[in-house]
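Before any comments, here is the structure.
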Amino acid sequence: MHIPDGLLDPYLCILLYIISLAFLIWAWKGVKKMFSRSFVPVMAVSSALIFIAQMINFPIAGGTCGHLMGGTLLGMLLGPHATIISMTIVLLIQALLFADGGITTLGANVFNMAVIGGLSFYIVKLFIGSSSSQKRFTAALFIASWLSVVLTALLTAIQIGVSPSFASAGGLMTTVPAMLSVHIIIGVIEAAITAPLILQLSHASPTLLNGLNIMRGVNNEPHH
Amino acid sequence: MNRITKALLLITVGLTLLIPFASTYPDGLEKVIKSLGVEEPVPIWSGLIPDFSLSIIGNSYVATVISGLIGLFSVLAVAWIIGWASLRRNRV
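Going down the list, the sequences are from chains P and D. Residues -6 to 217 (the working numbering) make up the first sequence, in order. Residues 2 to 93 (the working numbering) make up the second sequence, in order.
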């Protein structure tokens, strides 16, 4: 869902750069407070994993394709703050190396994918509450990862919808339903990958899930 | 880097072998842009490795995997440097 250059209103690009920068500063301060250097390998490797996962496009109905976005997955691996930093690095390299997502629209793409991805951590948290039920955890992961994709699609739709390029196509009234109808399906695939994967990891190697440990208030320094 | 992190890195490197089989259909956003008849803007930047292919390598499977690996290690390096520079030394 990477917005290319030239589609967004220039003022909107600037605004979204500023908003994303504010979130990045918040995220950076959070990471600094929470982790020491032993966190670096898991953060770097998780970023690389999401970068590669985003390159593996799978076909979906109607001659279109989707790929894992990985916001909620990262959220469970790294916590909300580091997820925003990590996903921003992924988006930056995608734009620089492959022109996947524009340069002028990087602020928008960071907001739509990195910030929403990071904040999806709090959706999981909200749905789990204080429960330690496995079923509830699975449902929370499913809802959060589905919502992260749908919210990203909605934000993208709104941003292109209010931009002049889409005015003749009907603006918001067409972009919002068009984007949502595709991404409510892609979101289900996102959820169907994320929820079982995190569940498996929570059994096999719980120390890897820094995000989950932050949520549960466990000592969040990675295990050695 | 502990054992779990190493395993995760190995899995990630292994996944690059799948990139050449990725669907070439337009993604959700590209599809919407096309279906609404919005003119695709002329790109101002085509990337250091446009279209995931390195022209110096003839075999397109290998070229795609290698460009994926270049991306993978770029992300790894940038994240590592930023993390290392930002975080304090390990608690003992």
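Note that the Cβ used here is the ideal one computed from N, Cα and C, for glycine as well. A quick note: this is a predicted structure, and the numbers were derived from the prediction, not measured.
Short CB-CB distance (under 8 angstroms) between residue i and chain P
i       : result
D/Val66 : no
D/Gly59 : no
D/Leu37 : yes
D/Leu49 : yes
D/Leu18 : no
D/Val63 : no
D/Leu55 : no
Contact set for residue i: own chain, Cβ-Cβ below 8 angstroms, skip 5 residues either direction
i       : result
D/Leu73 : Thr13, Val14, Thr17
Burial state of residue i (16 or more Cβ within 10 Å)
i        : result
D/Val43  : exposed
P/Gln47  : buried
D/Asn60  : exposed
D/Trp85  : exposed
P/Gly100 : buried
P/Pro52  : exposed
P/Gln219 : The requested residue 219 of chain P does not occur in the structure, where chain P is confined to residues -6 to 217.
P/Phe130 : buried
D/Thr25  : exposed
P/Phe135 : buried
D/Val76  : buried
P/Ser220 : No answer is possible for residue 220 of chain P: the residues shown for chain P start at -6 and end at 217.
P/Ile177 : exposed
D/Ile45  : exposed
C-beta neighbour in chain D for residue i, strict 8 angstroms
i         : result
P/Trp21   : yes
P/Met106  : no
P/Asn50   : yes
P/Ile179  : yes
P/Ile45   : yes
P/Ala15   : no
P/Ser158  : yes
P/Met80   : no
P/Leu67   : no
P/His74   : no
P/Gly56   : yes
P/Ile(-2) : In the sequence on display, residue -2 of chain P carries Asp and not Ile. Yes, contact with chain D.
Same chain only: Cβ atoms within 7 angstroms of residue i, ignoring 5 sequence neighbours per side
i       : result
P/Ile12 : Phe104
D/Leu10 : none
P/Leu61 : Ala46, Gln47, Glu183, Ile186
Beta-carbon contacts of residue i that lie in its chain and below 6 angstroms, excluding the five residues immediately before and after
i        : result
P/Gly23  : His74
P/His217 : Note that P/His217 has pLDDT 42, beneath the 50 cutoff, so the model's placement of it is unreliable and the number below is only indicative. Once the five neighbours on either side are set aside, P/His217 has no close Cβ partner at all.
### Task
Tell me, please, whether the stretch 118 to 131 of chain P touches the stretch 56 to 71 of chain D by the rule of three or more beta-carbon pairs shorter than 8 angstroms.
These segments do not touch.
### Contact the stretch 34 to 49 of chain D vs the stretch 54 to 70 of chain P: 3+ CB pairs below 8 angstroms
Flag = no, the stretch 34 to 49 of chain D and the stretch 54 to 70 of chain P do not touch.
### Query
Within the chosen definition, does the stretch 147 to 161 of chain P reach the stretch 181 to 191 of chain P through at least 3 CB pairs nearer than 8 angstroms?
no
### Query
At a cut of 8 angstroms, does the stretch 2 to 9 of chain P reach the stretch 35 to 54 of chain P through at least three beta carbon pairs?
no
### Query
Is it true that the stretch 12 to 19 of chain P meets the stretch 99 to 115 of chain P, where meeting means three or more beta-carbon pairs spaced less than 8 angstroms apart?
yes
### Message
Measuring CB atoms only, is the stretch 119 to 134 of chain P touching the stretch 167 to 175 of chain P, in the sense that at least three cross pairs come out at less than 8 angstroms?
### Response
no
### Task
Would you mind listing the alpha helix (DSSP H) stretches within the stretch 43 to 70 of chain D that are 4+ residues and don't spill past its ends, in chain order?
none
### Query
Which parts of the stretch 133 to 199 of chain P are runs of the alpha helix (DSSP H), unbroken and 4 residues or longer, counting only runs that do not cross its ends?
With a minimum length of 4 residues, the continuous alpha helix (DSSP H) runs that stay inside the stretch 133 to 199 of chain P are 165 to 197.
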